[in-house]
Every structure is written in structure tokens, then in C-alpha cells.
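Residue numbers (our numbering): 270 to 429.
Each remark here refers to the structure printed beneath this line.
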């Protein structure tokens with residue numbers, strides 16, 4: 270399933286969704302957490318990105334594992350580069366999964382408007398903790414999506 274799409278390797282196709290959706294989730298989660306005026310406009314995009322981004326990273330990660338099994342990628346130098354790239358991708362997956370959970374909790378715990386009420390009743394300090402976690406996880410997600418993409422791009426553009 271993760272090997273090919275219409276006869277071409279799936280990994281170069283799937284990574285584009287992750288490269289777009291991870292930064293969007295990070296940005297929208299931070300905005301929702303720290304800018305109250307934006308909440309009524311971005312609550313549902315936050316929920317959508319929190320669902321789509323981890324799925325896109327999972328597809329990119331799984332297709333990359335299928336892609337790396339190709340016989341053309343068996344040299345020791347390339348295997349080392351692939352291992353580094355996979356390490357960043359594994360970290361990205363866990364960070365984006367955490368950010369998605371925090372974003373979903375935040376979307377239903379912090380009211381979307383001043384007049385609105387939260388669906389999850391929690392003390393005010395919990396709101397600040399969740400918003401702070403979203404900022405930290407968004408920064409980590411941005412770092413890992415950059416490092417994963419950078420290590421993959423170096424393998425492609427500097428030659429296998």
C-alpha cells in the first residue's frame with residue numbers, strides 16, 4: 270500500500286502532504302493557544318489539521334520505509350544517511366502525534382470566543398498549561414519537519 274502510487278514510488282508524493290500539514294498544524298495550534306481573538310475563526314481548521322497532519326506523517330514515514338528497502342539504496346553510506354533520516358521522521362511522528370492530541374484537547378477545553386463556553390470544564394491554569402504545551406510541541410514539530418526534510422533533500426540532491 271505504501272510502496273507505489275500509479276507505478277511511481279509513493280514516498281516523494283506523500284512527503285508533500287506532511288511538509289504542508291505539519292507547519293500548518295503548528296501555526297494554527299500556537300495561534301489558538303495564545304491569541305484569543307483568533308479562536309472563533311480557527312477552531313475547526315485546528316481540529317482538521319490535528320487529524321490530517323499525523324496521518325500525513327504516518328503515510329510519509331511508512332512509504333519511506335518501503336522506499337528504503339529498494340536494492341539501489343544498500344550502500345553503507347546511504348544506509349547511514351537513511352538511518353539518520355528515519356530517526357528524524359520517527360521523532361517527528363511522535364511529536365506531531367503529541368501536538369495533535371494537545372490541539373484537540375485545546376480546541377474543546379479553551380472557549381472559541383469570549384461569550385462561548387468550553388466543552389471541557391477545567392481550571393484556568395489547565396488552559397495555560399495546554400497552550401504552553403502547544404507552543405513547545407509546535408516548535409519541536411517545526412524543528413523535526415525541517416531536519417527530516419533537510420536530511421532527505423541532501424540525499425536526493427547530493428546523490429545517492
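The beta carbon of each residue, even a glycine, is placed where N, CA and C say it ideally should be.
In this text, all values refer to a predicted model and were calculated from it rather than measured experimentally.
Next on the checklist: Rounding to the nearest angstrom, what Cα-Cα distance links residue 316 and residue 395 in this structure?
Outcome noted: 19 Å
Item to check | Pairwise C-alpha distance: residue 349 and residue 355 | outcome: 10 Å
Checklist entry - Which residues in the same chain as residue 357 place their Cβ atom closer than 8 Å to its Cβ, once the five residues preceding and following it in sequence are excluded? => result 413, 416, 417, 420
Checklist entry - For the candidate residues 272, 342, 274, 373, whose alpha-carbon lies nearest to that of residue 321? => result 373
Checklist entry - Under 7 Å between the Cβ atoms of residue 271 and residue 326? => result no
Item to check | Supposed contact pair residue 378 and residue 212 - C-beta distance, whole angstroms, cut 8 Å | outcome: The displayed coordinates of the chain run from 270 to 429. Any statement about residue 212 would go beyond what the structure contains.
Next on the checklist: Bridge partners for residue 278 per DSSP, in chain order?
Outcome noted: 273
Checklist entry - Does DSSP put residue 345 in a helix, a strand or coil? => result In the structure shown, residue 345 sits in a helix (DSSP, three-state: H, G or I).
Item to check | Length-filtered (4 minimum) alpha helix (DSSP H) runs lying within the segment 386-428 | outcome: Whole alpha helix (DSSP H) segments, 4+ residues: 393-426.
Next on the checklist: On a Cα-Cα basis, can you pick out the residue from 306, 296, 337 that is closest to residue 279?
Outcome noted: 337
Checklist entry - When you compare each of 351, 364, 409 to residue 424 by their alpha carbons, which one comes out closest? => result 351
Item to check | Three-state secondary structure (DSSP) of residue 304 | outcome: Of the three classes helix, strand and coil, the one that applies to residue 304 here is coil, per DSSP.
Checklist entry - Does the Cβ of residue 390 have 16 or more other Cβ atoms within 10 Å, making it buried, or fewer, making it exposed? => result exposed
Checklist entry - With residue 298 and residue 411 assumed to form a contact (beta carbons below 8 Å), what rounded beta-carbon distance in angstroms separates them? => result Actually they are not in contact, since the Cβ atoms of residue 298 and residue 411 sit about 11 Å apart, beyond 8 Å.
Checklist entry - Would DSSP call residue 380 helix, strand or coil? => result coil
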